[in-house]
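Read through the structure below, which is laid out as structure tokens, and then see the notes.
What follows is the structure, given as structure tokens:
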């Protein structure tokens with residue numbers, strides 16, 4: 001609730017204080033424009049989250065899963081929402097917050113359902129929509145999958161800006177250098193610790209800044225996003241990290257997840273009711 005509110009609070013603030021014009025909320029063209037605007041903003045945010053090391057440190061947890069299913073969509077950073085809101089602000093200059101909020105939720109909901117291997121190909125829709133096939137490529141660590149298919153609902157941005165890649169050989173999921181851990185705190189914080197250590201170990205002030213603001217594969221003397229030939233080759237013998245877990249721990253995880261979902265739903269309902277009186 002707190003993280004999602006960052007998007008809306010910042011948007012409403014800009015709308016209330018700096019909007020240039022007010023598009024009619026009940027016009028179909030406003031809704032079409034918002035659909036495109038929200039998805040393009042997501043494309044920009046998503047792409048920069050892969051190409052800027054400090055932002056990748058937050059986003060990488062979503063890619064750390066070596067399985068690809070709906071639970072992968074729930075593997076999210078606790079820090080990412082503090083930067084993603086910036087990309088939506090230009091829309092606040094003319095698009096009403098009510099229309100923006102609806103499309104923001106629909107865009108997120110659509111992205112949840114494309115984290116699946118059940119759906120193979122959607123025919124002509126593959127040209128327009130970001131389908132499960134396209135998003136499987138995005139989650140792959142095969143060399144041909146790296147830094148591809150950033151779109152949220154639409155794949156047209158990737159086709160326009162040259163970041164599209166169709167699904168080809170079998171996709172192997174996860175990070176190029178697997179973390180081999182399910183520790184949520186470690187997965188959230190270790191990349192930041194790695195940047196910190198690399199920052200101090202890298203000579204030269206400009207190089208230190210590059211550690212933060214260039215790609216995660218960058219190093220002194222390398223291109224901004226690193227060298228493609230340094231991406232580990234897929235051998236076909238990769239085995240996902242899958243340690244044996246006691247039955248009681250599995251039961252605890254299921255109960256814990258159910259309780260959290262129930263508490264979150266209750267909290268969301270309370271916030272909604274409270275806001276109705278404001």
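Residue numbers (full-length UniProt numbering): 1 to 278. Yeah, the Cβ is synthetic: ideal placement off N, Cα and C, and Gly gets one too.
If we ignore side chains and look at the alpha-carbon of each, how far apart do residue i and residue j end up?
| i | j | result |
| --- | --- | --- |
| residue 7 | residue 84 | 8 Å |
| residue 11 | residue 77 | 21 Å |
| residue 164 | residue 248 | 44 Å |
| residue 87 | residue 46 | 10 Å |
| residue 146 | residue 230 | 12 Å |
| residue 197 | residue 64 | 21 Å |
| residue 80 | residue 55 | 8 Å |
| residue 274 | residue 36 | Interpretation of residue 274 is limited by its pLDDT of 48, a score under 50 that renders its predicted location unreliable; no figure is taken from the coordinates. |
| residue 233 | residue 20 | 51 Å |
| residue 218 | residue 195 | 12 Å |
| residue 98 | residue 25 | 8 Å |
| residue 189 | residue 208 | 20 Å |
Under a Cβ-count criterion, where at least 16 other Cβ atoms within 10 Å of its own Cβ denotes burial, should residue i be classed as buried or exposed?
| i | result |
| --- | --- |
| residue 214 | buried |
| residue 224 | exposed |
| residue 60 | buried |
| residue 15 | buried |
| residue 13 | exposed |
| residue 235 | exposed |
| residue 171 | buried |
| residue 244 | exposed |
| residue 168 | exposed |
Would you check if the distance between the CB atom of residue i and the CB atom of residue j is smaller than 8 Å?
| i | j | result |
| --- | --- | --- |
| residue 42 | residue 107 | yes |
| residue 174 | residue 66 | yes |
| residue 155 | residue 128 | yes |
| residue 115 | residue 72 | yes |
| residue 180 | residue 152 | no |
| residue 141 | residue 176 | yes |
| residue 100 | residue 38 | yes |
For the alpha helix (DSSP H) that contains residue i, what are its first and last residues?
| i | result |
| --- | --- |
| residue 32 | 28 to 51 |
| residue 197 | 184 to 201 |
| residue 100 | 97 to 113 |
| residue 158 | 156 to 161 |
| residue 73 | 70 to 73 |
| residue 212 | 205 to 213 |
According to DSSP, residue i sits in a beta bridge with which residue or residues?
| i | result |
| --- | --- |
| residue 280 | Residue 280 lies beyond the range of the chain shown here (1 to 278); nothing can be said about it. |
| residue 122 | Looking at the DSSP assignment, residue 122 forms no beta bridge with any residue, so it has no partner. |
| residue 140 | 173 |
| residue 129 | 154 |
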